[in-house]
């Protein structure tokens, strides 16, 4: 399952990773190497096998519906790159 | 070409929990930006979600109320995409194994017929934050207070065939979630949001046409208009030789048209996979049974009962059962005065118009059910006439106290003593001897209006307190004289 | 003082032979003097440490006692430490002062431990050599031209060089056990769900576990005791009582059935390591253990399955690093997409970007079944293999790594070359089982380890076996020259 340049560009876009044209060939090569390793899995017959999502197969614990958090905006926004009037700023988004 | 319209709706309801679905932050609406955004809500590195049990209970309530299969082993999945109001870069939702499976809801159409609308599924997920585009030049401001609020997304089958059916369905869902107490249904505040999927196909064709999704339509009126304008757009497009492209659209109420959304034009690959930070949710049979036992009487059953037990018409039953608060109010009034039809009339007409005028819901009614019931009792026992009752009602609405207090204070007791009424009548007839002669000389056809004149005089003389029935009877006999 | 083990320090503090402050100052000086050779620390926190040490001394003066009161340690730099930089070895979090403490950190602070700083690691825990750090590679104190292992390379190097008696680490595919093996340490990865992941910045959520790197099993037991336990803030935390790990260290190994899987001794294993492992088997037999051959047939698929599952979960976990609320933001983003793409391309190193892309691909439409789902099915096969084996044996023994620590730069050409070195450790993470590596000798002057695996929640048994082994061997007592 060899990836081509357009595949890598699509994946990088999905993951919002800016691609450097100079690095692209090496990236493609490395990804194909990894996928080559991973493709070995296809040899295994897993028909009838249930996937294992959590090793210990426990079930979700539920939490009581109570307000336990208080306002800590100042502390949390102290480490933010761009904030104004309590809002996080990003470049303008047009719907 | 005869066209058939196919509509499916996805309704997002904010569940009325105290805290968020995966964090202990408050869900209160309208607070200062980012004052209700905890570490978990902000998607800080290292944080983890823990599930709110009330969200689970509310979802199960809904599932039971629509006769649905409950997903007793349901799983949260991550829906991955990038948007600034989605702090983790993924939304925790449910994909293959939702908490509620197939169910149905019956709607009543305008002609009175009942149609069953299928519900494909309902699942739990977290709400995103809000983007504010207006206030900053060149920037958008992000408020994450709403991020993490629990949502129940209710997906219908594509069973609706007109905008009106769609509105009826939304209204039924709206009433139901309020009945169950799981959502306040406040569409203006975004507690209930509707995405409409609309397509058309030639009548008789089995395959569905290409559909478009109109996102976030937030009032019943707009839902109807948005769907109709989209239907018109699609018909025109196809009849002009074009093809409908699958896309996401927004409804513009000012222009009464839908337009394609810019940001959603590229197909999104959400890469759903089970959220490894959460374990499968197991719902035991015992939990189902205890929850089922707490289901309130639902609208259809209540409407039925109002008709059979109280003898109300289907229409009246439907109006009075339209909200749990209204139905409870009505029943309290009936319990108080013992006359369902009288109560129905007063609640729907007089009280209805008062609430409308004051712009409040029945929960904030200035006249309580006990007060109204008390007043209706006084009509029934002839203490006051229906006409006087209207005055009493107004006075109660103004805070002057209960019916008895007002009747006493203003001396509004109806006069039922025949002797007293006769006395008044005698005075009236004596004062209007000429009209009496004219009346006796006139023929049947003209007598009606003249009779009314005497009644009017009698009521004036008695300051409205004379019992109208007795006035009528006694006046008749005196005039026959 | 730096030669003292954790247990010896605890006794020394209890006996008032020295104060926590003295000990802290000594180690801080040692770190300043020696760490430039190793680069094991990203952040040293002298003022914070001294303040904590003084507080611990005051508590002790007040009559308090406790094995961890006043003991010096450091945390792998993916544990959130409030007000202190928590970088995950990445430029993306170089400016991130954590707004809260991880549960592990809070528990150890409450017990009176003294945090000397934050330890170097492969960026976002992705690596097996600690060469993928924004802050530079870490050197193996046994041979400065070689890697210390990863991703907890800083933790391993610091403890091996006696800059600290003990350190926390995390293990997703072997990131505690492998560096422990490379640096002559004892490292334990507990059962998945044994230690809280709240505040432990996630790489692969269903595989990550916090653990300990120390000089011996006794020290591991002491620190693990302070870390383990149910945490309601972590939905994957298991509510299982924590036994007294120290109490059972001395139990006899008589009759302990140890399984040796034949698949772990195939081609690819350096025969000199095989020899060392064989020697350790004999030592355990002398202690009363019974050795049985077993088979774990699906282990060959483990690396492939891991390198789908871990990157897939990571690709999603790392989406929150977008330059909006914290961390690195690129200069002058021209629009939202530019903000995301440049912040992430500039903030993440190449290995992290590669794994994010592999992960996104494995989850993408059309590939989910063949990759992610297939990997989770293989995961079940691997777990089944272990469950079957544990019907017949109490513990499983294997080499920790197929080769000793390689030279810096030796495996940089192809990422897969490093991945293949994880073959023995990865299965425990996939199955969620507890695992431990202990020193078993030297090859070419470099340490090698032997690994023990046990059924769920049997950390006490692992520590017991290792402790008894360490009573009859002295590999673990050796220190690297110059440190």
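Residue numbers (my numbering), protein chains in the order written: chain A, 1 to 95; chain B, 96 to 576; chain C, 577 to 1059. Quick reminder that beta carbons are idealized off the backbone N, C-alpha and C, glycines included. Here the structure is a predicted model, which is why all the values come from computation and not from measurement.
Residues of chain A with a Cβ closer than 8 angstroms to the Cβ of residue 814 of chain C are, in chain order, 56, 58. Note that the C-beta distance between residue 802 of chain C and residue 684 of chain C is below 7 angstroms. For residue 84 of chain A, the chain B residues whose C-beta falls within less than 9 angstroms of its own C-beta are 230, 231, 234, 236, listed in chain order. In the three-state reduction of the DSSP assignment, residue 354 of chain B falls in the strand class, which pools E and B. The way I'd put it, the region 910-926 of chain C doesn't touch the region 972-980 of chain C; fewer than three beta-carbon pairs between them come closer than 8 angstroms. Taking a 10 Å sphere around the C-beta of residue 204 of chain B, we find fewer than 16 other C-beta atoms and assign the residue as exposed. Distance from residue 560 of chain B to residue 507 of chain B at the Cβ level is roughly 7 angstroms; contact confirmed, criterion being Cβ atoms closer than 8 angstroms. Residue 315 of chain B and residue 272 of chain B do not touch by the CB rule: their CB atoms are close to 14 angstroms apart, not below 8 angstroms. Residue 291 of chain B is bridged by DSSP to B:104, B:309. Linking residue 671 of chain C to residue 260 of chain B through their CA atoms gives a straight-line distance of about 56 angstroms.
Rounded to whole angstroms, the gap between the alpha carbons of residue 346 of chain B and residue 248 of chain B is 20 angstroms. With fewer than 16 other beta carbons inside 10 angstroms of its own, residue 96 of chain B counts as exposed.
Within the region 301-323 of chain B, no residue has a Cβ lying closer than 7 angstroms to any Cβ of chain A. Close to residue 809 of chain C, with beta-carbon spacing below 7 angstroms, are these residues of chain B in chain order: 143, 145.
For the region 673-693 of chain C, the set of residues with a beta-carbon nearer than 7 angstroms to any beta-carbon of chain A comprises 673, 675, in chain order.
Between the alpha carbons of residue 532 of chain B and residue 571 of chain B lies a distance of about 14 angstroms. By the 16-neighbour rule on beta-carbons within 10 angstroms, residue 1053 of chain C is exposed.
Between the alpha carbons of residue 475 of chain B and residue 546 of chain B lies a gap of roughly 26 angstroms. Around the beta-carbon of residue 681 of chain C, 16 or more other beta-carbon atoms lie within 10 Å, marking it buried.
Contact check between the region 133-149 of chain B and the region 178-186 of chain B: three or more CB pairs, one atom from each, fall below 8 angstroms, which counts as touching. At a cut-off of 3 residues, the continuous stretches assigned as beta strand (DSSP E) that sit fully inside the region 957-988 of chain C are 971-975. When the beta-carbon positions are compared, residue 1046 of chain C and residue 701 of chain C stay at least 7 angstroms from each other. As DSSP reads the structure, residue 98 of chain B sits in a beta bridge with B:297.
One alpha carbon belongs to residue 775 of chain C, the other to residue 686 of chain C, and they sit about 16 angstroms apart. A distance below 7 angstroms separates the beta carbons of residue 660 of chain C and residue 621 of chain C. Taking a Cβ-Cβ cut-off of 7 angstroms, the neighbours of residue 888 of chain C in chain B comprise 368, given in sequence order. Under the DSSP assignment, residue 934 of chain C falls in the alpha helix (DSSP H) whose first and last residues are 926-939. By the Cβ neighbour-count rule, residue 410 of chain B is exposed, with fewer than 16 other Cβ atoms within 10 Å of its own.
Contact annotation: in the region 942-953 of chain C, residues whose CB is within less than 8 angstroms of a CB in chain A are 946, 947, 949, 950, 951, 952, 953. C-alpha of residue 513 of chain B to C-alpha of residue 480 of chain B: approximately 15 angstroms in a straight line.
Interface annotation, residue 47 of chain A: not in contact with chain B, CB-CB separation never under 7 angstroms. The beta carbons of residue 311 of chain B and residue 288 of chain B sit closer together than 7 angstroms. For residue 442 of chain B, there is no enclosing alpha helix (DSSP H), as DSSP marks it with neither H nor E. Interface flag for residue 138 of chain B against chain C is set, since a Cβ pair is found closer than 7 angstroms. In this structure, B:142 is the residue among B:165, B:142, B:212, B:210 with its C-alpha nearest to the C-alpha of residue 674 of chain C.
In the three-state reduction of the DSSP assignment, residue 274 of chain B falls in the helix class.
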